[in-house]
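Asks: Pasting a structure here, questions to come.
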Amino acid sequence: MTAPSRTGALLDTVRERTPLVHCVTNLVATTFSANALLALGASPAMVEDPEEAAELAAVAGALVVNTGTMSRARAEGMHAAARAAHDAGTPWLLDPVAVGALSLRTHVAGELLAHGPTVVRGNASEILALAGEVGGGRGVDATATVDDAADAADELARRHGTVVAVSGVVDRLTDGRTVHHVGGGHPLMGRVTAMGCALGALTAAFLAAARTTDSAREWDPLTAAVAAHAAVGVCGAAAGRTAGGPGSFVPAWLDALAALDGADDAGGADALVDPA
Amino acid sequence: MTAPSRTGALLDTVRERTPLVHCVTNLVATTFSANALLALGASPAMVEDPEEAAELAAVAGALVVNTGTMSRARAEGMHAAARAAHDAGTPWLLDPVAVGALSLRTHVAGELLAHGPTVVRGNASEILALAGEVGGGRGVDATATVDDAADAADELARRHGTVVAVSGVVDRLTDGRTVHHVGGGHPLMGRVTAMGCALGALTAAFLAAARTTDSAREWDPLTAAVAAHAAVGVCGAAAGRTAGGPGSFVPAWLDALAALDGADDAGGADALVDPA
Amino acid sequence: MTAPSRTGALLDTVRERTPLVHCVTNLVATTFSANALLALGASPAMVEDPEEAAELAAVAGALVVNTGTMSRARAEGMHAAARAAHDAGTPWLLDPVAVGALSLRTHVAGELLAHGPTVVRGNASEILALAGEVGGGRGVDATATVDDAADAADELARRHGTVVAVSGVVDRLTDGRTVHHVGGGHPLMGRVTAMGCALGALTAAFLAAARTTDSAREWDPLTAAVAAHAAVGVCGAAAGRTAGGPGSFVPAWLDALAALDGADDAGGADALVDPA
Numbered sequence: 001m002t003a004p005s006r007t008g009a010l011l012d013t014v015r016e017r018t019p020l021v022h023c024v025t026n027l028v029a030t031t032f033s034a035n036a037l038l039a040l041g042a043s044p045a046m047v048e049d050p051e052e053a054a055e056l057a058a059v060a061g062a063l064v065v066n067t068g069t070m071s072r073a074r075a076e077g078m079h080a081a082a083r084a085a086h087d088a089g090t091p092w093l094l095d096p097v098a099v100g101a102l103s104l105r106t107h108v109a110g111e112l113l114a115h116g117p118t119v120v121r122g123n124a125s126e127i128l129a130l131a132g133e134v135g136g137g138r139g140v141d142a143t144a145t146v147d148d149a150a151d152a153a154d155e156l157a158r159r160h161g162t163v164v165a166v167s168g169v170v171d172r173l174t175d176g177r178t179v180h181h182v183g184g185g186h187p188l189m190g191r192v193t194a195m196g197c198a199l200g201a202l203t204a205a206f207l208a209a210a211r212t213t214d215s216a217r218e219w220d221p222l223t224a225a226v227a228a229h230a231a232v233g234v235c236g237a238a239a240g241r242t243a244g245g246p247g248s249f250v251p252a253w254l255d256a257l258a259a260l261d262g263a264d265d266a267g268g269a270d271a272l273v274d275p276a
Numbered sequence: 001m002t003a004p005s006r007t008g009a010l011l012d013t014v015r016e017r018t019p020l021v022h023c024v025t026n027l028v029a030t031t032f033s034a035n036a037l038l039a040l041g042a043s044p045a046m047v048e049d050p051e052e053a054a055e056l057a058a059v060a061g062a063l064v065v066n067t068g069t070m071s072r073a074r075a076e077g078m079h080a081a082a083r084a085a086h087d088a089g090t091p092w093l094l095d096p097v098a099v100g101a102l103s104l105r106t107h108v109a110g111e112l113l114a115h116g117p118t119v120v121r122g123n124a125s126e127i128l129a130l131a132g133e134v135g136g137g138r139g140v141d142a143t144a145t146v147d148d149a150a151d152a153a154d155e156l157a158r159r160h161g162t163v164v165a166v167s168g169v170v171d172r173l174t175d176g177r178t179v180h181h182v183g184g185g186h187p188l189m190g191r192v193t194a195m196g197c198a199l200g201a202l203t204a205a206f207l208a209a210a211r212t213t214d215s216a217r218e219w220d221p222l223t224a225a226v227a228a229h230a231a232v233g234v235c236g237a238a239a240g241r242t243a244g245g246p247g248s249f250v251p252a253w254l255d256a257l258a259a260l261d262g263a264d265d266a267g268g269a270d271a272l273v274d275p276a
Numbered sequence: 001m002t003a004p005s006r007t008g009a010l011l012d013t014v015r016e017r018t019p020l021v022h023c024v025t026n027l028v029a030t031t032f033s034a035n036a037l038l039a040l041g042a043s044p045a046m047v048e049d050p051e052e053a054a055e056l057a058a059v060a061g062a063l064v065v066n067t068g069t070m071s072r073a074r075a076e077g078m079h080a081a082a083r084a085a086h087d088a089g090t091p092w093l094l095d096p097v098a099v100g101a102l103s104l105r106t107h108v109a110g111e112l113l114a115h116g117p118t119v120v121r122g123n124a125s126e127i128l129a130l131a132g133e134v135g136g137g138r139g140v141d142a143t144a145t146v147d148d149a150a151d152a153a154d155e156l157a158r159r160h161g162t163v164v165a166v167s168g169v170v171d172r173l174t175d176g177r178t179v180h181h182v183g184g185g186h187p188l189m190g191r192v193t194a195m196g197c198a199l200g201a202l203t204a205a206f207l208a209a210a211r212t213t214d215s216a217r218e219w220d221p222l223t224a225a226v227a228a229h230a231a232v233g234v235c236g237a238a239a240g241r242t243a244g245g246p247g248s249f250v251p252a253w254l255d256a257l258a259a260l261d262g263a264d265d266a267g268g269a270d271a272l273v274d275p276a
């Protein structure tokens, strides 16, 4: 299995290259995503004006488009950024927050798929809705399980040539052919807002790192996404051991992201991937 | 007195039902309000596009409309959400941040009253301004005292059939007939931004819990609002005992919200209500 | 040298007067800037609607205009606020985030200079771009050094009659005639988002304090800006000594701002200014 062995190497690459991760993200997630990227060692830029978003996505290391706090104005910036990323070959991640539960963002997310996201990351309800199944989501809650969304995720991945990461107690990532599971984390991650959004942003940082080290023809977004999920999982578990609740979990998790290194990864994050 | 005895029961209901609390709130408060709701045990959703806001307010457990960082675009989402909440019978809370000090939000807040808020929560200057008195507010500062606003609060409550909660060193809540006072808290709460906005959001979670347990004809928003203020007050006092300043107060207060339980309430939060 | 001796006095004035600092700032910085101002002892107000921004800037103690997460809508609020501040004699600070790297904000920042900012604060790349040099910035990163921007800063200060503060490992502040350097701080400040934006907001609080204590003809924005940078530097160093990483740095720094007092300043912040 090639995936886990690369977590440490990709992490080191993030620190060496400090890839610029362009986020068009929601109003709740923006500060926390930026701080997560900085803690990891990447360089965040939150830019959503359509003109500026197109400029930045073309030169960024990776792009995140997150559909939370959707508005018609923000949708223009999302389209401009995703189109520019696609045209420039910038890896980009779609985070379809609450798609299926609310109509405008469900429509916009469907359109955004046409720009060819490198990775789609969401909870099971969101992935079911994006794949055209009945979502049953209630806002940002996941009422469906990761298993419920397995077939829809595989189908979505094959139809759009993308990696689909479904977040849950154990995450499931697929490119439509290969499937990996990632454990770890901590229940307090569900008691902190925008934790999934931060996972999406950090995944984009790993995509950027993988893209710069591998040749353009051969780089593997699935491996990079698995590594990101494993890194987040090991930091979540570490923070959960010291936190006194959801409030103190946030600084502890950011500290853990900054303290994580390639050597620790070999014994920690890698062990979370596809455990026997 | 029926109010204090229900704090623990309502808190338990919040944890069991995890009510969806829809917030149309300001840019400063959005992350903190979401984290406060998650820490308490509710489920936040920050949605402000007019189309999506109307969809969500109709099915949410409760709605918060907060006039901070007002804009003409955001005002549309506020009206759509408040109208849908009114039509669907969703309890909703109006938080008139800096009303009286700035013209657009003063105008919008006056219009929002027509949608029949279940609770209005603000500082004394804001309540005076909303009631049509001269506010004298300076931005979000309260220059008037809770006592100064007592008559205006009672009159506002009777005129609009709402509960009015005036925040101060000791909070005063009234439905125009019955008055309760709630103490507790800590001076550091005044050194953290959006603490009042978070109190509004948590009050909405208690409204949602009360609405689901009581019959639609008999539920009592005043009791629920008092319980929310008491819960926040006891957590504020607890966090103040361990915090080293306003920065460490925030995670300590969120941890205290998550640690609060029905049993502790009986001896803590209840004692803050209408002390002799 | 008059600058350092005034840090403590200005800090005491901030606490006594709690100046209202009006911020038209970016979506990432808004909560953190508000909390930094509250921790220091000032009173933040985040208002960006053009009508409300003009009202508030005319009566505020100071104004900050920050070009991060620029949009055409937000640019209107920036112009309205800066114009009103200029007309009313309210001191105001321009923070040209990522100017030079993105086109809309570079255009808007150039226009904003016409409203006569009291202070311009940015990193070297941003100051070079604002002065008309090739910035070479990559989003919010500073690729140029403080020394690289020294001539551009002096020229910008003289041309617009403003103070220019260039942030770096050692900050350099000039009014085009006198130059001061301020050390201190901690490397973790570069791992927390919107730290520069918070420095801008705190500088505005010191401007407001200086403006109220000195006669209108004689007050010295350079001295006030130096004092603010020294206060931030001493708090950064203090927080860095106790923080376990970028996550725990944030509450530690806010606690340090609140704990800072005029007496400590004499031995701490003052020593950071123009060391031999």
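Chains as they are written, first to last, in full-length UniProt numbering: chain A, 1 to 276; chain B, 1 to 276; chain C, 1 to 276. All C-beta atoms in this analysis are idealised placements derived from N, C-alpha and C, irrespective of residue type, glycine included. Being a predicted model, the structure only gives us computed values, none of them experimental.
1. For residue 87 of chain A versus residue 58 of chain A, is the C-beta distance shorter than 9 Å?
2. So that I know if they touch, is there some Cβ in chain B lying closer than 9 Å to that of residue 98 of chain A?
3. Using 9 Å as the limit for Cβ to Cβ distance, is residue 69 of chain B near chain C?
4. Is it buried or exposed for residue 187 of chain A, if we count other Cβ within 10 angstroms and need 16 for buried?
5. Please confirm whether residue 30 of chain B has its beta-carbon closer than 9 Å to some beta-carbon of chain A.
6. Counting pairs of beta carbons, one from the stretch 165-181 of chain B and one from the stretch 248-266 of chain A, are three or more of them closer than 8 Å?
7. Just verifying my parser: in three-state terms, what is the DSSP assignment at residue 139 of chain B?
8. Mark residue 159 of chain C as exposed unless 16 or more other C-beta atoms lie within 10 angstroms of its C-beta, in which case mark it buried.
9. Against chain A, does residue 187 of chain C count as a neighbour if the rule is that its beta carbon must be under 9 Å from one of theirs?
10. Does any residue of chain B have a CB that is nearer than 9 Å to the CB of residue 251 of chain A?
11. Please tell me whether residue 102 of chain B has its Cβ less than 9 Å away from any Cβ of chain C.
12. Taking 9 Å as the threshold (beta carbon to beta carbon), is residue 10 of chain B in contact with chain A?
13. According to DSSP, simplified to helix, strand and coil, what is residue 177 of chain C?
14. Within 10 Å of its beta-carbon, does residue 241 of chain B have 16 or more other beta-carbons around it, so buried, or fewer, so exposed?
15. For residue 130 of chain C, does the three-state DSSP call read helix, strand or coil?
16. Under the rule that 16 or more other beta-carbon atoms within 10 Å means buried, what is residue 147 of chain B, buried or exposed?
17. Which residues in chain A have a C-beta closer than 7 Å to the C-beta of residue 192 of chain C? List them in chain order.
18. Report the CB separation of residue 226 of chain A from residue 180 of chain A in whole angstroms; it is logged as a contact under 8 Å.
19. Can you list, in chain order, the residues of its chain whose CB lies under 6 Å from that of residue 185 of chain A, leaving out five sequence neighbours each side?
20. With distances taken from CA atoms, which of B:20, B:38, B:29 and B:19 is nearest residue 286 of chain B?
21. Alpha carbons only, please: which of A:212, A:196, A:15 and A:105 is nearest the one belonging to residue 30 of chain A?
22. Any C-beta of chain A within less than 7 Å: which residues of the stretch 41-57 of chain B qualify?
23. So which residues on chain A does residue 259 of chain B lean against when the C-beta distance must stay under 7 Å?
24. Please identify, using Cβ separations under 8 Å, the residues of the stretch 200-230 of chain B that lie next to chain C, in order along the chain.
25. Helix or strand or just coil, what does DSSP make of residue 120 of chain B?
26. Counting C-beta neighbours from all protein chains within 10 Å, is the total for residue 192 of chain A 16 or more, i.e. buried, or is it exposed?
27. Taking the alpha carbon of residue 15 of chain B as the point to measure from, which residue in B:272, B:273, B:218 and B:202 has its own alpha carbon closest?
28. Terminal residues of the continuous alpha helix (DSSP H) containing residue 154 of chain A?
29. Can you tell me whether DSSP reads residue 84 of chain A as helix, strand or coil?
30. Count the CB pairs spanning the stretch 68-77 of chain B and the stretch 47-57 of chain C that are closer than 8 Å, and state whether there are at least three.
31. Please go through the same chain and pick out, in chain order, the residues whose beta-carbon is closer than 7 Å to the beta-carbon of residue 183 of chain C, but skip the five residues on each side of it.
32. In its own chain, which residues sit with a C-beta less than 6 Å from the C-beta of residue 32 of chain C, not counting the 5 before and 5 after it?
33. According to DSSP, is residue 219 of chain C helix, strand or coil?
34. Between C:43, C:8, C:11 and C:66, which lies nearest to residue 25 of chain C when the distance is taken from Cα to Cα?
35. Do you know how far the Cα of residue 56 of chain B is from the Cα of residue 246 of chain A?
36. Within this structure, are the beta carbons of residue 63 of chain A and residue 204 of chain A separated by less than 9 Å?
Replies: So, from the listed chains and residues:
1. yes
2. yes
3. yes
4. exposed
5. yes
6. no
7. Any reading at residue 139 of chain B must be qualified, since the residue scores a pLDDT of 45, below 50, and its modelled position is unreliable; the value itself is stated next. Three-state result, residue 139 of chain B: coil.
8. exposed
9. no
10. yes
11. yes
12. no
13. coil
14. exposed
15. helix
16. exposed
17. 35 and 38
18. 5 Å
19. 233 and 236
20. Within the shown structure, residues of chain B are numbered from 1 to 276, placing residue 286 of chain B beyond reach of any answer.
21. A:196
22. 43, 44, 45, 46, 47, 48, 49, 51, 52, 55 and 56
23. 245
24. none
25. strand
26. buried
27. B:202
28. 150-160
29. helix
30. yes
31. 170, 233, 272 and 275
32. 194 and 198
33. coil
34. C:66
35. 26 Å
36. yes
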